[in-house]
Every structure is written in C-alpha cells, then in structure tokens.
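In my numbering, the protein residues as written are 1211 to 1372.
The beta-carbon is built from N, C-alpha and C at its ideal position, and this holds for glycine as well.
Have a look at the structure below before the remarks.
Here you go:
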C-alpha cells in the first residue's frame, strides 16, 4: 500500500513559489489585456459611451449622440486613409542615404492639411451635437473636456484641437 510522508520544506517552498508566480503572471495578463489602463479610460468606443452616460444620455438610443459618434469615426477613418501612405512615404524618404528635405516638408504639409480638414469636420460635428444638449449637459460636456486629467476627454480635445 502507498504510504504518505510529510512534505519536505523545499517541496513546500517550490509549491508556494509556483503559486505566487502564477498569481503574478495572471495579474499581469489581466492588467495587460482585460483591464482598462489608467489614464486611458478603456477602448475608444467605451470612452465615448462613458462620456454619453456622464451627460445623462443613453449611447444606444440617443440619435444626436449616435450621429456625433458616427461623424467622429468617419472623420478618423478618412484621416487614417489619407495620411497613412504619406507617413510611410515620409519614413521611406527619411531612411534614404540622402533624404530630400524639400520632399519631406511637402509630405508633412500635406499631412497637416489633412489633419486640419479632420479638425474642421470633427469641430462641425461637435458643434452640431452641442446644439442638441440642454444647458446642464453642455456645462457638463465643457467641464469634462476642460479637465485635462480626465481620460474620457483626451481624444475629443485632441480631435478638435488642443
């Protein structure tokens, strides 16, 4: 028959070390992949939903909010499509043995023009959205955006222009 013996101290230490390592690895994985990161407020879609909730709006049923969100997403998508090839061309030019400085400046100017058009479009959508809010909601909106420590407002503040 099988006789059980008392565990040796080294075995106990190894089991405890393994358990501690598993907890640390699990905590790291959770913080890296599942938990919202401090200062970010979660994924962009979640930040907009929280923003709407703070304004007293239901993000799923508020037509003005949904239009504003759609306008932000559309403008962001267009900006990415326009600027990504230009950014790649800029880095390609910069990696050349003797970069053409004039060409780099032209590419950067075109990127800036697209960014300006993006800011104009987002600002127009934001003004339209603000027009649908009551006085209290507008004050809350402006207070959130003015608070530089609030992670919900960073993308909105940066889109309209810092």
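query: Alpha carbon to alpha carbon, what distance is there between residue 1258 and residue 1364?
result: Distance between the alpha carbons of residue 1364 and residue 1258: 11 Å.
- prompt: Helix, strand or coil: which one does DSSP assign to residue 1330?
  reply: Look at residue 1330 here: in three-state DSSP terms it is helix.
message: For residue 1367 and residue 1313, what's the separation of their Cα atoms in angstroms?
response: Their Cα atoms are separated by approximately 31 Å.
message: Runs of 4 residues minimum, wholly inside the region 1292–1349: which ones carry the alpha helix (DSSP H) assignment?
response: List check, alpha helix (DSSP H) in window: 1311–1340.
query: Is the beta carbon of residue 1376 less than 7 Å from the beta carbon of residue 1342?
result: What is shown of the chain runs 1211 to 1372, which leaves residue 1376 out entirely.
query: Where does residue 1270 fall in DSSP's three states?
result: Here residue 1270 sits in coil by DSSP.
Nearest-angstrom beta carbon gap, residue 1264 and residue 1337 [assumed within contact, 8 Å]: Incorrect: roughly 19 Å between the Cβ atoms, too far for contact.
- prompt: CB residue 1292 to CB residue 1324, shorter than 7 Å?
  reply: By the CB criterion at 7 Å, residue 1292 and residue 1324 fall inside the cutoff.
query: If you draw a straight line from the C-alpha of residue 1373 to the C-alpha of residue 1283, how long is it?
result: Absent from the model: residue 1373. The displayed extent of the chain is 1211 to 1372, so no value can be given.
query: According to the Cβ coordinates, are residue 1317 and residue 1300 closer than 7 Å?
result: Their beta carbons are under 7 Å apart, which means residue 1317 touches residue 1300 by this criterion.
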